[in-house]
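For the sequence shown, the residue numbers in mature numbering (1 follows the signal peptide of the UniProt record, and there is no 0) are -27 to -1, 1 to 678. From the three backbone atoms N, C-alpha and C, an ideal C-beta is built for every residue, glycine too.
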Amino acid sequence: MRVGSALKSTLLMVPLVLAFPTSQASAATSPATSSTASGCQLPSKTGARHVVFVQFDNVHLRRDNPNVPSDLEQMPNLLNFLQGQGVLLDNHHTPLVSHTADDILTATTGLYGDRQGNPIANSYREYVKPDGSSTSMSSFQYWTNKTLDGSYNLLDQSGLNTPAPWVPYTRAGCNVGSVGMANTAIESPAEVAQIYGPNSPEALEVSSHSPNAYADFVGVGIHCAKGAAACAAGNHGIADRLPNEPGGYAGYNTVLGHKYVAPLISSGPLKDLDGNVIADRFGGRTIPGFPGFDGLTASASLGYTAAMLEHGVPITYSYVALAHADASGNHAGPGQADYVARLKAYDGAWGKFFARLKGDGITRDNTLFVVGADENDHFAGGPSTPANCDGVHTPCNYSAIGEVHVNLAQLMQQAGNNTPFQVNPDSAPAIYLNGQPARDAAVARQFEQTLARLTVSNPLRARDERLFDAMADPVGLRFLHMVTADPRRTPTLVAFAKPDYWVTTAAAVCPGGPVVECPPSFGTDAWIHGDYQEQITRTWFGLVGPGVQRLGRNGSIWSDHTDLRPTMMLLTGLKDDYAHQGRALFEIMTEQALPTAVRDHLQELVALGRLYKAIEAPVGPLGLAVLRISTLALVGDDNRYARLEQAIAGLTSERNTLGSAIITLLESVTFGGGHGWAEANTNSLKRQSSELLGSGRRTADQIGS
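Here you go:
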């Protein structure tokens, strides 16, 4: 879930540090009006001229109630398009932790959290206080923001600002639009003064507490090709400086905020696909402008997207809010009437979107469509009534619905452990012990062992159960790509709870329940993610367009979010200035789309790529084996802990060396003309990958038996 309208007043107070220029560009002021920017030249071998990337929040292909059609089944306009015109990958996965910020950033960069900076959740904590405690930071910040310790919020393995995903497109002469896509436009009014300058008209609008500030400046933007008229100074364009971009990025400009973007893509008030003016309706007001992230319904988000595509912005990245909650944040269960109605509206929006684009000449023949969900969820609710309801003909109702809130501080105190700590609240909370003790310090080891013994009463399931299923400290987290270049944001550990629970330290405790807080009620979050279970981490993505085979729904290809970026780069003919952590999915592409070196060795490269994912992906078989080993290490005595942590460190070192060799070869044949191909080397890498995978699994099995 994105930061929604309900948090606007809080966001005004978030401390942010940006590395963003305030100088404005100078160029002609007339906006582009053609459906393709005049200078946009995608070097696609198969004729892609536009890119439409849409990422849903928590929209499911899997059925959450076996009798109720899934979210995507209730959107046949989209489902039929994806599986009829291209490929719908339903064995697709998230990184860890499985949350919106990490998932979107992984998908748009092709990098796990250790190399893009946000592996924890939609927020994380930093050790920056003199007393040794930690401070919460939002993961949702503009791309170049810095945190309180001076590091970039988005940072690579060297501590530099992560390369921005729009750069290859703008260098090819293409304008790139952002609609609610994480960290590619202004995320909160608190950023405005630092982007535009403290005495700018934009900053003064925010500081005057104007109710328009959020709607005017947050959530949408256009990153322009060099010299593009849309981002001229007269259109309120400012320099789009990326201080650490490989190869430099001088001379490019951007326009940020609905106030400045809307006039470039609409002759009057910008409307959604149902003909309604797109507006912020927070607090009982109706203010034309950005509707809030939770207000980015399919109609609103795709309305922005279509208008951009029609007005010189051929590359669009768009976010669509979840459908299982209403505008007030009240969650519904599968098949409840309001949930079904929202999905019907979403389906209608997709039908209108495709019809409108077809009228503009934007079709699968010249456009790469990439559509999917950030993550799946676990439904925290009881059984439906009636039991055989299908939601379509017979609405479902749920008497028990909502996550179970657990006060971890109270549970630890009841267990006799009074160590001071903070958590990043979640179903898989990141836990930060005060003073950032060494991972093997006695205080950390005792805390972990106490944590592992905690039990709670689950009112949804009417049973007592152990709270946490898995744990990882920095040694395990490093294998799972969850340790960044900034040591101040590395937690003491991450604990993965059973998915009915939301673990915090802030909530009140019911008088009648010393272990678990108040039973959940309708209106609390009922869809849980941010954990490691397959029902959360297994999601879906569809690709349609030039160079994509018509494979329909496919469950045989194991993929995750890192694979989307290299796949898109290959299909568009572009290239990033860094090595990805995912692989291009050769097996979904037509022969024409493949480089010669790949066509000549397709089966061998696909086999190597699949083994690479098996050892590299956080929720691949080796990653899950390491998480199991890590859990057994943390709950064991000090001797077992030391032995297993050493084993994990060895697996990590071997995986990193092997993974680097494989991705270097794969990137070479994908983007470098085939240099580096050698059959003997490839066979050796496959053999070593299989041996490493077997070693990790055997270690986990031997310890757990």
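Check                                                                                                                                                                  : Outcome
Does A620 have its Cβ less than 7 Å from a Cβ in chain C?                                                                                                              : Given the protein chain composition of this structure (a single chain), no chain C is represented.
Less than 8 Å between the CB atoms is what I'm expecting for V193 and F263, so what's the real figure, rounded?                                                        : 6 Å
In the DSSP assignment, find the alpha helix (DSSP H) that holds E618 and state where it starts and stops.                                                             : D611 to F644
Please report the straight-line C-alpha distance between A673 and I602, rounded to a whole angstrom.                                                                   : 5 Å
CB-CB under 6 Å to G525, same chain, minus the five flanking residues each way: which ones, in chain order?                                                            : Q56
Taking the continuous alpha helix (DSSP H) assigned at T81, which residues delimit it?                                                                                 : T73 to T82
Given this structure, state the Cα-to-Cα distance separating P464 from T82, to the nearest angstrom.                                                                   : 24 Å
Per the DSSP calculation, L229 is bridged to which residue(s)?                                                                                                         : G194
Can you tell me whether C491 is helix, strand or coil according to DSSP?                                                                                               : Legend: pLDDT at C491 = 47, less than 50; position of this residue unreliable, value from coordinates given subsequently. If DSSP states are grouped into helix, strand and coil, C491 belongs with coil.
Taking the alpha-carbon of N134 as reference, which of R670, L440, A443 and T117 has the nearest alpha-carbon?                                                         : T117
Inspect the beta-carbon positions of V379 and Y474 and report whether they are closer than 7 Å.                                                                        : yes
DSSP on E577, reduced to helix/strand/coil?                                                                                                                            : helix
So, with DSSP's three-state summary, where would you put Y505?                                                                                                         : coil
Using the Cβ count rule (16 or more neighbours within 10 Å means buried), how would you classify G210?                                                                 : buried
Taking just the CA atoms, how far does T336 sit from G59?                                                                                                              : 12 Å
What is the DSSP secondary structure of W116, counted as helix, strand or coil?                                                                                        : coil
Tell me the DSSP secondary structure of M455 in three-state form.                                                                                                      : coil
Can you tell me which of the three DSSP states S173 falls into?                                                                                                        : coil
Skipping 5 residues on each side, what residues in its chain have a beta carbon closer than 6 Å to that of M444?                                                       : L466, A468, T604 and L607
Which parts of the region 515 to 546 are runs of the beta strand (DSSP E), unbroken and 3 residues or longer, counting only runs that do not cross its ends?           : 525 to 527
Let me know the secondary structure DSSP gives P594 once reduced to three states.                                                                                      : helix
With the cut-off set at 7 Å, would you say L406 and F394 are in Cβ contact?                                                                                            : yes
What's the C-alpha gap between V517 and T79?                                                                                                                           : 20 Å
Cα-Cα, which of K102, T545 and A328 is closest to K18?                                                                                                                 : T545
Taking Cβ to Cβ, would you say D504 is nearer than 7 Å to A353?                                                                                                        : no
To the nearest angstrom, how far is it from the Cα of G248 to the Cα of A587?                                                                                          : 47 Å
Mark R412 as exposed unless 16 or more other C-beta atoms lie within 10 angstroms of its C-beta, in which case mark it buried.                                         : buried
Can you tell me whether N95 is buried or exposed, with buried defined as 16 or more other CB within 10 angstroms of its CB?                                            : buried
Check whether the region 431 to 441 touches the region 451 to 459, counting contact only when three or more Cβ pairs, one atom from each stretch, lie closer than 8 Å. : no
Let me know the secondary structure DSSP gives D213 once reduced to three states.                                                                                      : coil
Where V27 and D253 are concerned, what is the direct C-alpha to C-alpha distance, given to the nearest angstrom?                                                       : 21 Å
Express the C-alpha separation of E421 and T428 in angstroms, rounding to a whole number.                                                                              : 14 Å
Under the three-state reduction of DSSP, which class applies to S239: helix, strand or coil?                                                                           : coil
To the nearest angstrom, how far is it from the Cα of R461 to the Cα of V101?                                                                                          : 7 Å
Excluding the 5 residues flanking residue 682 on each side, which residues of the same chain have their C-beta closer than 7 Å to its C-beta?                          : Since the first residue shown for the chain is -27 and the last is 678, residue 682 is missing from the structure and cannot be characterised.
Going by beta-carbon coordinates alone, are V32 and D44 separated by less than 7 Å?                                                                                    : yes
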